[in-house]
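Notes follow once the structure below has been shown.
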Amino acid sequence: MKLLLLRTYSNSLGTINPVAELCQKAHAIGALTLLDAAQSAGHMPVDVRELGCDFLAFSGHKMCGPTGIGVLYGRAEILDSMPPWHGGGEMIVSVTLERSMFKKAPHRFEGGTPSIGDAIGLAAAIDYIEQIGRAAIFEHARNWRDMQLSASGNCRGACSKIAARPICSM
Ligand SMILES: Cc1ncc(COP(=O)(O)O)c(C=O)c1O
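Under this note's numbering, think of the first position of the sequence shown as 155, with each following residue one higher.
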């Protein structure tokens, strides 16, 4: 199996990758795609159909949410064809001596008691981000990039051509 891992946006270079185009190219050679949206989920639209990725992941704490939780999206038909990676309650349809049948995703991957408090916290964080609006957050970051560029002397010409976003760690 071939898997292309890519990120929406690089916080080292400030560049935004052409994700939809890269996903199309990967699919053309039979590869699946996993998009790491840790840096972008709080700043840019996240529409998996438009991006065309097979999987997408981001961390809760980079969305102003709790640590220890995040989101993994996968296309339903792929997830339902994958075996669970650990066992626990609430994931089983039936068990016999011969075979076990598991629920559809996401339940087949979430055996045992989930991290309920973290999920409630992450949902509140996502509501908060959506209330401000990703477009407003993106604009704020762009202004911040301009401030960085105007303070950065002779890098300005080159950086302003490639960096669509601030260059910083978070
Ligand atoms: C693109 C990207 N993916 C993953 C991570 C790591 O995320 P976490 O802190 O949840 O392990 C980072 C951290 O900066 C990141 O920038």
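Backbone N, C-alpha and C define an ideal beta-carbon position, used for all residues, glycine too.
It should be emphasised that the depicted structure is a prediction, and the values quoted were computed from it without experimental measurement.
Endpoints, alpha helix (DSSP H) assigned at residue i
i	result
Lys156	Lys156 -> not in any alpha helix (DSSP H); beta strand (DSSP E) instead, spanning 156-161.
Met301	288-304
Ala182	173-182
Arg203	202-205
Span of the beta strand (DSSP E) around residue i
i	result
Gly224	224-228
Ala195	Unbroken run through Ala195: none, as it is neither H nor E.
Leu210	209-213
Ser254	254-256
Ser248	246-249
Closer than 7 angstroms: residue i CB and nearest ligand 1 heavy atom
i	result
Asn171	no
Ala192	yes
Gly224	yes
Ser213	yes
Asn165	yes
Arg203	no
Arg161	yes
Closest by C-alpha distance to residue i, when choosing among the options
i	options	result
Leu303	Met155, Val173, Leu167	Leu167
Gly287	Met301, His261, Met198	Met198
Thr221	Ser269, Ala289, Gln285	Ser269
Met155	Gln285, Thr162, Ile283, Ala180	Ala180
Glu175	Gly206, Asn165, Tyr163	Gly206
Test: residue i CB closer than 8 angstroms to a CB of chain B
i	result
Arg161	In the displayed structure, chain B is absent; only one protein chain is listed.
Presumed contact (8 angstroms Cβ cut-off) between residue i and residue j, rounded CB distance
i	j	result
Ala182	Leu158	With 8 angstroms as the limit, Ala182 and Leu158 do not qualify as a contact, their Cβ atoms being about 11 angstroms apart.
Asn171	Leu160	6 angstroms
Gly243	Gly271	Between Gly271 and Gly243 the Cβ distance is about 18 angstroms, and since that is not below 8 angstroms, they are no contact.
Phe212	Gly224	6 angstroms
Ala259	Leu276	Going by Cβ atoms, the distance from Ala259 to Leu276 rounds to 19 angstroms, so no, they are not a contact pair.
Would you call the segment 284-300 in contact with the segment 226-238, where contact means no fewer than 3 C-beta pairs closer than 8 angstroms? no
Cβ contact check for the segment 205-216 and the segment 187-196: 3 or more pairs under 8 angstroms: yes
Should the segment 228-235 be regarded as contacting the segment 202-214, the criterion being three or more beta carbon pairs within less than 8 angstroms? yes
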